[in-house]
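These notes are about the structure you will find just below.
Protein chains in written order, with the working numbering: chain A, 57 to 347; chain B, 70 to 344.
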């Protein structure tokens with residue numbers, strides 16, 4: 057058959073591999089060069105620097121604070137989203153009147169860009185007439201207005217909540233997809249056998265949903281770990297670096313503090329971490345694919 | 070014991086109400102603020118005394134919305150066209166040919182799909198400085214295309230594989246060339262998938278933040294997210310009714326597109342992974 061094909065698959069693949077390789081590998085090479093050079097704040101290379109940049113990054117206390125906050129950020133959003141998304145997905149998988157509309161309403165935050173969501177958050181959480189203050193004082197929970205984003209104790213939890221709003225639609229969609237792949241007749245059998253709702257959920261739904269849960273969690277971990285706009289557009293990591301996660305700290309090192317060499321090191325470290333997550337995901341994805 | 074369908078529906082809707090309150094919250098905040106008359110914006114009231122349509126015209130003239138809209142449209146359209154033109158042959162190759170390196174190509178694409186621009190932004194910035202192409206919307210469009218290729222290829226491949234080969238083979242039998250078959254038989258069948266993939270790429274580019282923030286530094290080149298952020302940051306008195314009107318107008322087209330694409334979401338974002 058291949059005699060009549062007339063196309064060469066390698067030629068067909070070439071532009072795609074070339075451009076996605078170019079956009080990733082070339083900058084990666086630049087980052088490596090920067091990471092082992094002495095670089096001034098304008099990004100000009102002054103000379104070789106060995107591992108000094110690496111040493112400086114590793115001895116920076118702000119790095120460890122940002123790293124810890126990244127862990128809280130990622131676990132908070134990925135975990136919080138999952139806990140919410142599972143019951144929502146189960147409800148949206150029932151057969152009920154207006155299901156299409158209900159699904160749409162849950163999916164809507166997907167349409168907002170993270171930057172826009174952050175700007176809305178900035179307004180809704182402001183210390184004077186912000187929407188949240190209005191709601192809470194109308195209900196009688198607070199007497200005084202709170203500047204939610206102005207202090208570290210409330211800013212970071214609020215950013216995590218914004219992150220959960222942004223992550224919920226995708227997670228719910230994946231779980232709905234998973235639930236719809238479970239054949240309904242096994243539930244019939246379970247009911248005839250007299251299994252309780254909880255036993256059915258634990259013994260049937262959860263195990264069968266497992267691959268979808270895995271993929272949702274790994275993908276969310278990758279996305280959230282990398283997520284820059286919410287924190288940048290609300291507080292830029294402030295006040296006083298108290299809401300910095302690795303990506304915002306990286307951005308500041310590169311484009312605010314002029315510590316370009318260190319920023320390159322941090323980029324490479326994050327790249328390596330991401331690669332580990334991703335290979336984990338590829339294993340999950342490809343395993344499903346081969347089945 | 071079994072409830073009526075109506076009763077069950079009512080219960081589910083009631084149970085989901087708090088969820089809708091959260092998911093609709095950003096939209097309500099945008100809309101309610103956007104239609105408030107200027108003098109009521111900082112008042113503690115939910116319902117404006119009248120709908121201030123003039124906010125939208127003021128937003129247009131005072132926030133640089135029009136120019137940013139054009140920039141966003143230009144960058145997103147160019148990125149989409151590039152990504153689709155490059156992804157179609159690659160998706161076709163992956164779905165129709167078995168060749169050495171096929172599986173590693175797919176793996177490579179899957180890895181690139183996961184890499185967020187943020188870890189590369191410094192390297193990209195440096196390259197653009199070296200080549201003197203900072204503040205160039207065309208370059209940003211190429212970058213967007215690059216970051217969306219992997220996803221587009223995956224998505225197209227998964228759809229292409231569902232198109233039966235019989236039709237193409239019938240066309241070859243009748244002597245049509247491979248290219249002609251592709252253009253006249255195959256691509257028309259794949260049009261829905263191409264449209265959805267294009268829309269995804271468009272929306273991704275429309276909403277992209279960190280590359281635009283870093284590579285476009287002149288106000289005249291700003292895309293919508295950057296323009297709207299720039300009128301919020303670094304100003305003493307922010308005109309929130311205009312900001313929210315702008316945010317609403319930038320989000321509305323995407324929300325409408327998403328409503329339409331809803332059923333394709335799963336296939337797209339976990340393309341190849343979840344079947």
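Where is the CB? At the ideal position from N, CA and C, for every residue including glycine. Please read these numbers as outputs of a predicted model, since none were measured by experiment.
* Run the CB neighbour count on residue 224 (chain B), radius 10 Å, all protein chains shown included, and call it buried at 16 or more, exposed below. => With 16 or more Cβ atoms within 10 Å of its Cβ, residue 224 (chain B) is classed as buried.
* **Straight-line gap, residue 291 (chain A) to residue 211 (chain A) (C-alpha atoms, nearest Å)** => Their backbone Cα atoms lie some 8 Å apart in a straight line.
* **Beta bridge counterpart(s) of residue 80 (chain A) as assigned by DSSP** => Looking at the DSSP output, residue 80 (chain A) sits in no beta bridge, so it has no partner there.
* Asked: Nearest to residue 281 (chain A) by CA position, among A:154, A:220, A:101, is which residue?
  -> Nearest option by C-alpha distance: A:220.
* Coil, strand or helix - residue 103 (chain A) by DSSP -> Collapsing the DSSP output to three states places residue 103 (chain A) in a strand.
* Would you say residue 323 (chain A) and residue 87 (chain A) are within 8 Å of each other, going by their C-beta atoms? -> Residue 87 (chain A) sits close to residue 323 (chain A), with the two beta carbons spaced by under 8 Å.
* Asked: On the three-state DSSP scale, how would you describe residue 303 (chain A)?
  -> In this structure, residue 303 (chain A) counts as helix in the three-state DSSP scheme.
* Asked: In three-state DSSP terms, what is residue 94 (chain A)?
  -> Residue 94 (chain A) falls in the strand class under three-state DSSP.
* Asked: Using CA coordinates, which residue listed in B:112, B:186, B:134, B:178 is at the minimum distance from residue 226 (chain B)?
  -> The residue from B:112, B:186, B:134, B:178 with its alpha-carbon nearest to that of residue 226 (chain B) is B:178.
* Asked: Going by the beta-carbon positions, is the gap between residue 148 (chain A) and residue 232 (chain A) smaller than 8 Å?
  -> With contacts defined by Cβ atoms closer than 8 Å, residue 148 (chain A) and residue 232 (chain A) form a contacting pair.
* **Coarse secondary structure for residue 160 (chain B), derived from DSSP in three states** => Helix at residue 160 (chain B).
* **Sequence-distant residues of its chain with Cβ nearer than 8 Å to residue 168 (chain B) (five each side left out)** => Result list for residue 168 (chain B): 162, in chain order.
* Asked: Taking the alpha helix (DSSP H) that residue 247 (chain A) falls in, what are its first and last residues?
  -> For residue 247 (chain A), the uninterrupted alpha helix (DSSP H) segment begins and ends at 241-248.
* **Cα-Cα separation, residue 256 (chain A) to residue 205 (chain A)** => Going by the C-alpha atoms only, they are around 43 Å apart.
* Asked: What is the DSSP secondary structure of residue 72 (chain B), counted as helix, strand or coil?
  -> Three-state DSSP puts residue 72 (chain B) in coil, outside helix and strand.
* Could you name the residues of chain A that residue 309 (chain B) contacts, counting a contact when the two beta carbons are closer than 7 Å? => Those are 179, listed as they occur along chain A.
* Asked: At least one CB of chain B closer than 8 Å to the CB of residue 215 (chain A): is that the case?
  -> By this cut-off, residue 215 (chain A) is not an interface position.
* To do: Tell me, please, whether the CB atom of residue 274 (chain B) is closer than 8 Å to any CB atom in chain A?
  => It does not; no Cβ of chain A falls within 8 Å.
* the region 214-226 of chain B: which residues have C-beta closer than 8 Å to a C-beta of chain A, in chain order? -> Those would be 214, 215, 216, 218, 219, 222, in chain order.
* To do: Could you name the residues of the region 313-333 of chain B whose beta carbon sits closer than 7 Å to any beta carbon of chain A, in the order they occur along the chain?
  => Going along the region 313-333 of chain B in chain order, one finds 313, 316, 319, 320, 323, 324, 327, 328, 331 with a Cβ nearer than 7 Å to chain A.
* **C-beta contact flag for residue 92 (chain B) and residue 162 (chain A) at 8 Å** => Yes, these two residues count as a Cβ contact at 8 Å.
* To do: Check the Cβ-Cβ distances between residue 187 (chain B) and every residue of chain A, and say whether any is below 8 Å.
  => Look at residue 187 (chain B): its C-beta is under 8 Å from a C-beta on chain A.
* In three-state DSSP terms, what is residue 146 (chain B)? -> Three-state result, residue 146 (chain B): helix.
* Please list the partners that residue 197 (chain A) has in chain B, where partner means a Cβ-to-Cβ separation under 8 Å. => Correct list: empty, because the minimum Cβ distance to chain B is about 15 Å.
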